[in-house]
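Residue numbers 1 to 254, in UniProt numbering, belong to the letters of the sequence shown in order.
C-beta: ideal position from N, C-alpha, C; glycine also.
These notes concern the structure reproduced below.
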Amino acid sequence: MHYVTSGNGEPVILIHGLFGNLDNLKSLGLSLEADFQVIRVDVPNHGLSEHWNAMDYPTLAKAVIDLIDKLGFDCVKLVGHSMGGKIAMAAALLYPQRISSIVVADIAPVSYQPRHQLVFAGLTSLPLNQNTTRKSALTHLIDAGIDEGTAQFLLKNLQRTESGFEWKMNLSGLIDCYDRIIDWQLTKDNRPLQYNKPCLFIRGGDSNYVTAEHRDAIIQQFPKVTAKTLNGTGHWLHAQKPEIFNRIVGEFLR
């Protein structure tokens, strides 16, 4: 996995969500680097990391552990948003001896119904040629029914080439693996795994990603959980109220 490091101290790995890259949690990283060594990663199939034909949470968790080994750490803290939160949870459940605590932002350890069909349709139908511009790409995504904020976020994945633009992310790979990205089946002997170290779950008050119906699944798998709601935010809580989000995460990690 491609990564960048900053700061000094106990290691913390920050893991972004679907369609993102290591810059998504940069503000959090900057707020932590006075007290921690911060490692921000590009998840496989995103940013500058390798493209995979198949990705699921056990494989992604193993990639995190491989990075921890590469960096020479015995144990780390993990912070993940959305899909990155699921990766953090999977690493904690499968390799609890290597993860000292986790922070999970606006995602639950459950399977979700598909909710990105509109995004995939807009991305795959976007023409990438010499006539394409960032302005025309933005217009295309908005016309495809994607709100402007999300469209601007998605277009951070575009990179210019001699013949026009191409995606940094492995779009076809993400489409092929989408059913595993929204899934959640980490069990042993048909029982859910359990992580018995400190966990913080933060949900956006206006988000529907973590609801009351997810409470039992969270407590069953993460019994030492602390939960907070960040009012006035949706799924992108870390970007909507960064100062409050960063303070909550920092206080928990410290």
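Cutoff 8 Å; reference residue i; Cβ partners in own chain excluding five residues on either side
i	result
residue 37	5, 6, 7, 8, 9, 10, 11, 12
residue 42	1, 2, 3, 16, 21, 22, 48, 49
residue 130	163, 164
Residue i classed as buried or exposed, judged by whether at least 16 other C-beta atoms fall within 10 angstroms
i	result
residue 109	buried
residue 34	exposed
residue 231	exposed
residue 145	exposed
residue 82	buried
residue 254	exposed
residue 117	exposed
Contacting residues, own chain, Cβ-Cβ under 6 Å from residue i (five flanking each side not counted)
i	result
residue 76	11, 13, 68
residue 215	none
residue 207	106, 234, 235
residue 96	195
residue 46	21, 169
Inter-residue spacing [alpha-carbon to alpha-carbon] between residue i and residue j
i	j	result
residue 143	residue 52	30 Å
residue 65	residue 98	8 Å
residue 223	residue 132	50 Å
residue 219	residue 225	7 Å
residue 169	residue 160	13 Å
residue 59	residue 88	12 Å
residue 115	residue 62	26 Å
residue 238	residue 80	11 Å
residue 113	residue 86	15 Å
residue 172	residue 57	18 Å
Sequence-distant residues of the same chain with beta carbon closer than 7 Å to residue i, five excluded per side
i	result
residue 120	175
residue 27	242, 246
DSSP beta-bridge partners of residue i
i	result
residue 204	230
residue 10	36
residue 192	187
residue 167	158
residue 81	105
residue 99	76
Original post:
Is there contact here, the segment 102–111 with the segment 122–137, by at least three beta-carbon pairs under 8 Å?
Top reply: Touching, no, given that fewer than three Cβ pairs across the two stretches are closer than 8 Å.
Original post:
Does the segment 187–195 come close enough to the segment 148–155 that 3 or more CB-CB pairs lie under 8 Å?
Top reply: Result no; under three Cβ-Cβ pairs closer than 8 Å.
**OP:** Taking 8 Å as the threshold, find out whether the segment 83–103 comes into contact with the segment 193–206 through three or more Cβ pairs.
**Re:** Yes: at least three Cβ pairs fall under 8 Å.
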